[in-house]
Amino acid sequence: MAELAIAKNSDMQPDIKNTVVQDELLAAVPDMTGWRKERVLLWRLIKENGTKNKTVAHEVGAGESTLRRFLTDDTYAPSEEFLGKLEEYFRRIGIWDSEMKLPDDQPEFFTRIGQMNVVITDAWKRTWFVLDNTLKHRNFGMIVGPSGCGKTSAAKYWVEEPGNQDRAIFITANGCMTRKAILRRIAKGIGVWSNGDSDVLLERICAELAERPRLIIIDEADQISSKMKLEALRSILDNTGKIGIVLIGNEDLSEYILQIASDDRKLSRIHNRFGAYQQVKMPNRDEAIKMLEGFNLTTGAREYLINIMQRRSGKGGIRVVRTMLAIVLEALGDKLITESILRSSSLENAVLSVKG
Numbered sequence: 009m010a011e012l013a014i015a016k017n018s019d020m021q022p023d024i025k026n027t028v029v030q031d032e033l034l035a036a037v038p039d040m041t042g043w044r045k046e047r048v049l050l051w052r053l054i055k056e057n058g059t060k061n062k063t064v065a066h067e068v069g070a071g072e073s074t075l076r077r078f079l080t081d082d083t084y085a086p087s088e089e090f091l092g093k094l095e096e097y098f099r100r101i102g103i104w105d106s107e108m109k110l111p112d113d114q115p116e117f118f119t120r121i122g123q124m125n126v127v128i129t130d131a132w133k134r135t136w137f138v139l140d141n142t143l144k145h146r147n148f149g150m151i152v153g154p155s156g157c158g159k160t161s162a163a164k165y166w167v168e169e170p171g172n173q174d175r176a177i178f179i180t181a182n183g184c185m186t187r188k189a190i191l192r193r194i195a196k197g198i199g200v201w202s203n204g205d206s207d208v209l210l211e212r213i214c215a216e217l218a219e220r221p222r223l224i225i226i227d228e229a230d231q232i233s234s235k236m237k238l239e240a241l242r243s244i245l246d247n248t249g250k251i252g253i254v255l256i257g258n259e260d261l262s263e264y265i266l267q268i269a270s271d272d273r274k275l276s277r278i279h280n281r282f283g284a285y286q287q288v289k290m291p292n293r294d295e296a297i298k299m300l301e302g303f304n305l306t307t308g309a310r311e312y313l314i315n316i317m318q319r320r321s322g323k324g325g326i327r328v329v330r331t332m333l334a335i336v337l338e339a340l341g342d343k344l345i346t347e348s349i350l351r352s353s354s355l356e357n358a359v360l361s362v363k364g
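Residue 9 is where the sequence shown starts when you use our numbering, and the numbers rise one by one after that.
What follows is the structure in structure tokens.
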């Protein structure tokens, strides 16, 4: 995570634990070690479940200030009468004898984002289908879907699988890449000299791939949508006859391929070389739940993250949730993460992609 606190001079390095965001998040969750059962249940009822302070005060016949002091003041000594009324109320609403565990009896929770469960989602399966099919049939393949749905992670996972590392290269494109830049990136990926003009590069690439075929995977391929760049890829495909090329991008990519095929009959040969195609989606609810297992989340926090994970806009997706959790975990470790923490202005301002 990028450090948010700025050192006053180059000799002073800010402690990651003392960043502004982390301090604010940490202050939102108390250390409950040694708390009475009544206090723990009251905190969770109000802070986690969203029960109004006023409602609880009315039910137990106490003032709201008394409840607030009981929750926040470690030196406060509540009367036995007050504690008795709290117990009666908790029994009445069915949480006194529930399986709600106290802090000293908590299971171990994930404390780092790297521990997040790897879930084989439908998006991953569809991505792997295109990669396997294109490797086998040696044509163009295409995977499209919204940002954050997991298509990039799935492709990288596939490349790292035993047996695939020597059969594929993974390239991330960007909008600034020229035709020559793409060819240079491919040349470096397959281990050939990357200097020279475009024609020389193309010749080297084709010679190498004809001798040692590899699947070329280009992520963010919607960033290189131009006729000249796609023609260069088609030339590699046709001149080797032994490789496949998979393009990964958003929905604009497939629309562009169809458009150029209809606009220019000569370029329809690009469209005609496409084989396997899949449109992937955001994770479904069950998949999202499995990804979040192991983190110390309240029900409200989990539902909030699931909602973000399933958004199709740039303000959602798995990547955004991972960014949010990474920041919170660095501040809180295995402490309870509530919805109010995730919705806090501190976190929202630290993760631009979740704002609005």
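For glycine and all other residues, C-beta sits at the position ideal for the given N, C-alpha and C.
Taking Cys157 as the centre and dropping the five residues before and after it, the same chain places the C-beta of Ala131, Val288, Lys289, Met290, Pro291, Gly325, Ile326 closer than 8 Å to its C-beta, in chain order. Going by beta carbons, Leu139 and Leu261 fall outside the 8 Å limit. Residue pairing by DSSP places Met150 opposite Leu255, Tyr285 in a beta bridge.
The shortest C-alpha to C-alpha distance from His66 to any of Ser161, Trp136, Phe90 is the one to Phe90. With at least 16 other beta carbons inside 10 angstroms of its own, Asp230 counts as buried. Distance from the CA atom of Phe137 to the CA atom of Arg175, rounded to whole angstroms, is 16 Å. The Cβ atoms of Val329 and Ile316 sit closer than 8 Å to each other.
Assigned with DSSP and collapsed to three states, Thr180 falls in strand.
Pairing Phe117 with Asp294 gives a Cβ-Cβ distance that is not under 8 Å. Sequence-distant partners of Gly149 (beyond 5 residues in either direction) whose C-beta falls short of 8 Å from its own C-beta, in its chain, are Val138, Leu139, Asn141, Thr142, Gly252, Ile253, Val254, Leu255, Phe282, Gly283, Ala284, Tyr285.
For Ile190, the enclosing alpha helix (DSSP H) covers residues 187-198. Membership of Leu223 in the beta strand (DSSP E) is indicated by the continuous run 223-227.
Assignment of Ile345 by DSSP, reduced to helix, strand and coil, places it in the strand class.
A distance of 8 Å or more separates the beta carbons of Glu211 and Asn182. A Cβ-Cβ contact shorter than 8 Å links Ala309 with Leu350. Pairwise C-beta distances place the segment 119-131 out of contact with the segment 231-243, as fewer than three of them are shorter than 8 Å. With fewer than 16 other Cβ atoms inside 10 Å of its own Cβ, Thr80 counts as exposed. Cβ-Cβ separation between Leu355 and Met332: approximately 6 Å, consistent with a contact (criterion under 8 Å). Within the same chain, Ala176, Phe178 come within 6 Å of Val167 by CB-CB distance, once the 5 residues on both sides are set aside.
Arg192 has its alpha-carbon roughly 14 Å from the corresponding atom of Cys184.
The beta-bridge partner set that DSSP reports for Leu305 consists of Ile345.
A straight line joining the alpha-carbon of Lys237 with that of Thr186 spans about 7 Å.
When secondary structure is reduced to three states using DSSP, Gly171 falls in the coil class, being assigned neither helix nor strand. When secondary structure is reduced to three states using DSSP, Asn315 falls in the helix class. Judged by DSSP in its simplified three-state form, Val127 adopts coil rather than helix or strand. Taken atom to atom, the span from the alpha-carbon of Ile268 to that of Glu338 is near 47 Å. The three-state secondary structure of Asn57, taken from DSSP, is coil. In the structure shown, Phe137 falls within a helical segment according to DSSP collapsed to helix, strand and coil.
A distance below 8 Å separates the beta carbons of Val64 and Leu50.
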